[in-house]
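In this text, residue positions in the sequence shown follow my numbering: the first is 348, and each later residue adds one.
By construction, the Cβ of each residue, glycine as well, lies at the ideal position given by its N, Cα and C atoms.
Note that this is a predicted model, so its numbers are computed, not measured.
Accompanying notes for the structure given below.
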Amino acid sequence: MRDLYLQGNDALIYKVVNNYLTACDAVFWSVATDESFITRTIGVQALLDLLRLTVVGAVENKDISVDYFIKVLAPAGNIDFSDVKFKNASGSGRSIIARSIKDAIGLT
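Here it is, written out as C-alpha cells:
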C-alpha cells in the first residue's frame, strides 16, 4: 500500500480499502452477535492490521475485488469472536484476534 501511496494512486487505495471492508462486513460483521469483539474497536483494528498483509497478494494478482477478499477471509468466518478468549479490550486482545484470523487463513 505504501507504494500505491507514494505513486499518488489514491483511487486504487480507496478501492482496495473499500472492497476489503465490504468483504469484512460479509464475512464477519453482518453475522456477528452483539457480544462479538470483531465489531468493536479491537476487532476492526485487527482486521486493518490484516489488510496490510492481504493487500500484497491482491495487488500482485491484480485482483482487488470484494470476491477476492471474501475468498481470502472466508476460512476465518466461523470463528466465534464472542468466545471468552477474545474478551480483552486491549492491545493483547487485538493481537489475539489478528493471530486467530491469520492462522485460519494461512498467513502464519
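- Query: Do the region 415-425 and the region 365-385 make contact, defined as three or more Cβ pairs closer than 8 Å?
  - Reply: The region 415-425 is in contact with the region 365-385.
- Query: Between which two residues does the alpha helix (DSSP H) harbouring Gln392 extend?
  - Reply: Going by DSSP, Gln392 is part of the alpha helix (DSSP H) stretching over 388-407.
- Item | Given Gly390 as reference, the closest of Gln354, Leu454, Ile448 once Cα atoms are compared | Nearest option by C-alpha distance: Ile448.
- Whole-angstrom distance between Trp376 and Val361, CA atom to CA atom: Correcting the residue identity first, residue 361 is Tyr in this sequence and not Val. If you take the alpha carbons of Tyr361 and Trp376, they lie about 20 Å apart.
- Message: For a quick check, are the C-beta atoms of Ser429 and Ser383 less than 7 Å apart?
- Response: Yes; because the gap between Cβ atoms is below 7 Å, this pair is in contact.
- Message: Rounded to whole angstroms, what is the Cα-Cα separation between Arg498 and Thr401?
- Response: Nothing about residue 498 can be reported from this structure: the residues present for the chain run from 348 to 455 only.
- Residue burial classification, Val374 (beta-carbon count within 10 angstroms, cutoff 16): A residue is called buried when at least 16 other Cβ atoms come within 10 angstroms of its Cβ; Val374 meets this threshold and is buried.
- Item | Inter-residue Cα distance where the pair is Ile444 and Asp381 | Cα-Cα distance, rounded: 16 Å.
- Task: Determine the direct distance from the alpha carbon of Arg399 to that of Ser437, and round the result to whole angstroms.
- Result: Computed Cα separation, rounded: 20 Å.
- Return the first residue and the last residue of the alpha helix (DSSP H) that Asn366 is part of. 357-374 is the span of the alpha helix (DSSP H), which, as asked, contains Asn366.
- Item | Outcome for Val363 when other beta-carbon atoms lying within 10 angstroms are tallied against a minimum of 16 | By the 10 Å Cβ count, Val363 comes out buried.
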